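Q: In the numbering used here, the protein residues as written are 18 to 424.
#1: So, is residue 412 buried or exposed, given that buried needs 16 or more other C-beta atoms within 10 angstroms?
#2: Are the C-beta atoms of residue 181 and some chain B residue less than 8 Å apart?
#3: For residue 1, which residues from the same chain have a beta carbon less than 7 Å from its beta carbon, with the 5 sequence-adjacent residues on both sides left out?
#4: Spell out a yes or no on whether the stretch 341 to 355 and the stretch 268 to 277 are touching, meaning 3 or more CB-CB pairs, one atom from each, closer than 8 Å.
#5: Take every Cβ of the stretch 133 to 152, pair it with every Cβ of the stretch 94 to 102, and state whether three or more of those distances are shorter than 8 Å.
#6: Taking residue 330 as the reference, which of 266, 376, 59, 130 has the closest Cα?
#7: Quick check on residue 52: does DSSP put it in helix, strand or coil?
#8: Give me the Cα-Cα distance between residue 219 and residue 178, rounded to the nearest whole angstrom.
#9: I need the DSSP call for residue 285, collapsed to helix, strand or coil.
#10: Closest to residue 246 by C-alpha separation, out of 94, 79, 127, 364, would be which residue?
#11: Is the beta carbon of residue 108 sitting closer than 8 Å to the one on residue 46?
#12: Relative to the C-alpha of residue 124, which residue among 174, 256, 252, 342 is closest?
#13: Per DSSP, which one or two residues make a beta bridge with residue 299?
#14: So the alpha helix (DSSP H) residue 351 belongs to, where does it begin and stop?
#15: When you compare only the Cα positions, how much space is there between residue 194 and residue 166?
#16: Can you round the beta-carbon distance between residue 71 and residue 86 to whole angstroms, since I take them to be within the 8 Å contact cut?
#17: In angstroms with no decimal places, state the Cα-to-Cα distance between residue 309 and residue 285.
#18: Assuming residue 341 contacts residue 259 under a Cβ cut-off of 8 Å, what Cβ separation, rounded to an integer in Å, is found between them?
#19: Buried or exposed: residue 384, going by 16 or more other Cβ atoms within 10 Å of its Cβ?
#20: Which term fits residue 278, buried or exposed, when burial requires 16 or more other beta carbons within 10 angstroms of its beta carbon?
#21: For residue 26, report the span of its beta strand (DSSP E) as first-last.
#22: Return the first residue and the last residue of the beta strand (DSSP E) that residue 43 is part of.
#23: Just the C-alpha distance for residue 328 and residue 274, rounded to the nearest angstrom, thanks.
#24: Exposed or buried, which one is residue 261 when buried takes at least 16 other CB atoms within 10 Å?
#25: Measuring CA to CA, which of 217, 163, 339 is closest to residue 355?
#26: With residue 314 as the anchor, note down where its alpha helix (DSSP H) starts and where it stops.
#27: Hey, residue 145 and residue 137: beta-carbon distance below 8 Å or not?
#28: Roughly how many angstroms lie between the CA atoms of residue 147 and residue 53, to the nearest whole one?
#29: Quick one: what's got a C-beta closer than 8 Å to residue 213's C-beta in the same chain, skipping five residues either side?
#30: How would you write the range of the alpha helix (DSSP H) that residue 182 sits in, first residue to last?
#31: Which same chain residues, not among the five before or five after residue 84, have their C-beta less than 8 Å away from its C-beta?
#32: According to DSSP, is residue 70 part of a helix, a strand, or is it coil?
#33: Using the three-state DSSP reduction, which class does residue 116 fall into: helix, strand or coil?
#34: Please state whether the Cβ-Cβ distance between residue 264 and residue 299 is less than 8 Å.
#35: Tell me which same chain residues have a C-beta within less than 7 Å of the C-beta of residue 414, skipping the five on either side of it?
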C-alpha cells in the first residue's frame with residue numbers, strides 16, 4: 018500500500034526577535050514533497066523532533082500540540098478519503114483537499130480525445146462532415162496503439178506530455194504503421210486540436226507542444242496543361258458512360274468543385290450573381306462553409322446539357338468515376354493518372370493562375386480556410402508563371418535594344 022509520510026519541522030533559519038520560529042508541515046507521497054506553514058510558532062529549544070511535540074507541558078505547548086494533532090488527523094482523513102474515491106492522486110491533491118478545495122481531476126490523453134470525439138460527433142451535418150469525424154476516430158486508434166506500444170499502458174496523463182511525445186508518435190506512425198508523411202501530418206494536426214480543446218477546458222495549464230513544427234511536405238501538383246485540357250474537351254466518346262464522365266471532369270476543371278459537391282449540385286445552387294451572371298452558391302461538403310463560384314462558359318454548357326429537375330449532373334460513384342477516367346486517359350493519350358482531384362488542381366492552375374487570377378481569389382474559389390494553404394500547394398506554379406512573364410519581358414527588352422541599335 019502506498020504510504021503517506023507526515024513530518025513537522027521547525028524552521029530555525031527564520032527565528033523571530035521573540036526567539037520563536039515557524040513550524041512547517043511536510044507531506045511526502047510517491048516520492049514527492051509538499052511543505053506548508055502550520056501558522057504556529059515555537060521556541061526551537063522546546064521542540065522534541067523524535068516525538069514530534071513541544072515540551073515541557075504547559076498551556077502554550079499543550080495548545081500547539083493539540084493543533085498539530087488536529088492537522089495530523091485532518092490530513093489522515095483526507096488521505097483515506099482520496100484512497101477510497103480516487104484511483105490516482107498526488108501529494109498536491111492531498112494538500113488541496115486538506116485546505117478545503119476539490120482536487121483538480123487529472124485527465125488522461127485518450128480520455129480527453131474521447132471527450133473531444135463525443136463533442137464533434139454532435140457537429141456532424143452542421144459544421145462537420147461524417148468523413149472528417151471518421152478520420153478523428155482513425156487517428157484516435159493510432160494514438161491508442163502508440164501509447165500501448167511506447168508506454169506499455171492503456172493511457173497516460175495529460176500533464177506528462179512533453180514535446181518529445183510528438184516526435185516519437187511521428188516515428189511510430191512512420192515505422193510501425195507505414196503511413197506517408199502527409200497522412201502523419203494530418204494525424205498529428207488532429208491530435209493538436211484535441212490538446213487545444215484540453216487547454217480551453219482547463220484540463221491542462223499550458224500547451225506541451227509549443228515549438229513543434231510538422232515536417233513540410235512538398236508534393237508536386239498534378240494538373241492538365243492547357244493543351245491537354247483542350248484535347249480532352251474536343252474528344253467525343255462513342256460510349257455514353259465515358260462521355261458523361263469526361264463532361265463531369267471538364268465541368269470540375271472549370272469550377273473546382275470537390276466530388277461530393279459536384280454530385281450534389283441542384284438547380285437551387287445556381288443563382289444570378291451581382292454581376293448578372295450565373296454563379297454556383299452552396300456550402301462546401303468538407304467544412305460546410307459558404308462557397309460562391311462564377312460559372313464559366315464551359316461549365317455552364319455542361320449544366321445546360323445535363324440539367325434536370327432534381328440533380329443537375331449525371332450521378333456516378335467516386336470509384337467508378339476514377340476508374341473510367343483511367344480509360345479516358347488511355348484513349349485520349351494523356352500520360353497522367355487522371356483522378357477527380359486533378360480537375361480541381363487544373364481549375365486552380367491552368368484555368369485560374371495561368372490566366373493571372375490573383376492567389377487570394379484562387380484561395381477563395383477553392384474554399385481554402387487559409388491563404389497559406391493555397392500558397393503552399395501552388396507556389397511552384399506561380400514561380401513558373403513569373404518565369405514565363407520574365408522571359409517575355411526579356412525578349413521585349415532585347416528586341417527594343419536591337420531596334421535602337423539599328424536606329
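Every residue, glycine too, gets a C-beta built ideally from N, C-alpha and C.
Only a predicted model underlies this, so the values are computations on that prediction, with no experimental measurement involved.
A: This is what the structure gives:
#1: Here residue 412 refers to the residue found at position 395 of the chain shown. So residue 412 ends up on the exposed side.
#2: This model lacks chain B altogether, as it is built from one protein chain only.
#3: Outside the shown range of the chain (18 to 424) lies residue 1, about which nothing can therefore be said.
#4: no
#5: no
#6: Numbered from its first residue, the chain shown carries residue 330 at position 313. Selected option, being the one with the closest Cα: 266.
#7: By 1-based counting over the chain shown, the position of residue 52 is 35. Strand.
#8: Your numbering for residue 219 matches position 202 in the chain shown. Your numbering for residue 178 matches position 161 in the chain shown. Straight-line Cα distance between these residues: approximately 15 Å.
#9: The residue you call residue 285 lines up with position 268 of the chain shown. Residue state, collapsed to three classes: helix.
#10: On the chain shown, position 229 is the one that residue 246 refers to. Minimum Cα distance to residue 246 is reached at 364.
#11: Position 91 of the chain shown, counting from 1, holds the residue named residue 108. Position 29 of the chain shown, counting from 1, holds the residue named residue 46. Yes, the Cβ-Cβ distance between residue 108 and residue 46 is below 8 Å.
#12: If you number the chain shown from 1, residue 124 lands on position 107. When only C-alpha atoms are compared, the closest one is 174.
#13: Reading the chain shown from its first residue, position 282 is the one you call residue 299. Note: residue 299 sits in a beta bridge opposite 308.
#14: Translated into the one-based positions of the chain shown, residue 351 becomes position 334. Element bounds for residue 351: n/a, residue is neither H nor E.
#15: For the purposes of this step, residue 194 is taken as residue 177 along the chain shown, with counting starting at 1. For the purposes of this step, residue 166 is taken as residue 149 along the chain shown, with counting starting at 1. Each residue's Cα considered, the two are about 12 Å apart.
#16: On the chain shown, position 54 is the one that residue 71 refers to. On the chain shown, position 69 is the one that residue 86 refers to. Not really, about 12 Å apart at Cβ, beyond 8 Å.
#17: Looking up residue 309 in the chain shown gives position 292. Looking up residue 285 in the chain shown gives position 268. Rounded to whole angstroms, the separation of the alpha carbons of residue 285 and residue 309 is 13 Å.
#18: Taking the first residue of the chain shown as 1, we reach residue 341 at position 324. Taking the first residue of the chain shown as 1, we reach residue 259 at position 242. Their Cβ separation, rounded to whole angstroms, is 6 Å, which keeps residue 341 and residue 259 in contact under 8 Å.
#19: Counting from 1 along the chain shown, the entry for residue 384 is found at position 367. Burial state of residue 384 is buried, judged by a 10 Å Cβ sphere holding 16 or more other Cβ atoms.
#20: Numbered from 1 along the chain shown, position 261 holds the residue referred to as residue 278. Residue 278 comes out buried.
#21: Residue numbering aside, residue 26 sits at position 9 when the chain shown is read from its first letter. Its beta strand (DSSP E) spans residues 21 to 27.
#22: Position 26 of the chain shown, counted from the start, is the residue given in the question as residue 43. 38 to 46 is the span of the beta strand (DSSP E), which, as asked, contains residue 43.
#23: Taking the chain shown and counting its residues from 1, one reaches residue 328 at position 311. Taking the chain shown and counting its residues from 1, one reaches residue 274 at position 257. Between residue 328 and residue 274, the C-alpha separation is close to 15 Å.
#24: On the chain shown, position 244 is the one that residue 261 refers to. Residue 261 counts as buried, since no fewer than 16 other beta carbons sit within 10 angstroms of its beta carbon.
#25: Within the chain shown, residue 355 is the residue found at index 338, counting from 1. The candidate whose alpha carbon is nearest that of residue 355 is 339.
#26: Counting from 1 along the chain shown, the entry for residue 314 is found at position 297. Start and end: 314 to 323.
#27: Counting from 1 along the chain shown, the entry for residue 145 is found at position 128. Counting from 1 along the chain shown, the entry for residue 137 is found at position 120. Yes.
#28: For the purposes of this step, residue 147 is taken as residue 130 along the chain shown, with counting starting at 1. For the purposes of this step, residue 53 is taken as residue 36 along the chain shown, with counting starting at 1. For residue 147 and residue 53, the distance between alpha carbons rounds to 52 Å.
#29: By one-based count along the chain shown, residue 213 stands at place 196. Cβ neighbours of residue 213 beyond the five flanking positions: 224.
#30: For this step, residue 182 is matched to residue 165 along the chain shown. Per DSSP, residue 182 belongs to the alpha helix (DSSP H) from 181 to 192.
#31: By 1-based counting over the chain shown, the position of residue 84 is 67. The answer, listed in chain order, is 55, 57.
#32: The sequence position of residue 70 within the chain shown is 53, counting from 1. Of the three classes helix, strand and coil, the one that applies to residue 70 here is strand, per DSSP.
#33: For the purposes of this step, residue 116 is taken as residue 99 along the chain shown, with counting starting at 1. In the structure shown, residue 116 sits in coil (DSSP, three-state: anything other than H, G, I, E or B).
#34: Translated into the one-based positions of the chain shown, residue 264 becomes position 247. Translated into the one-based positions of the chain shown, residue 299 becomes position 282. For residue 264 and residue 299, no; Cβs fall outside 8 Å.
#35: Counting from one through the chain shown, the residue named residue 414 turns up at place 397. So no residue of the chain qualifies.
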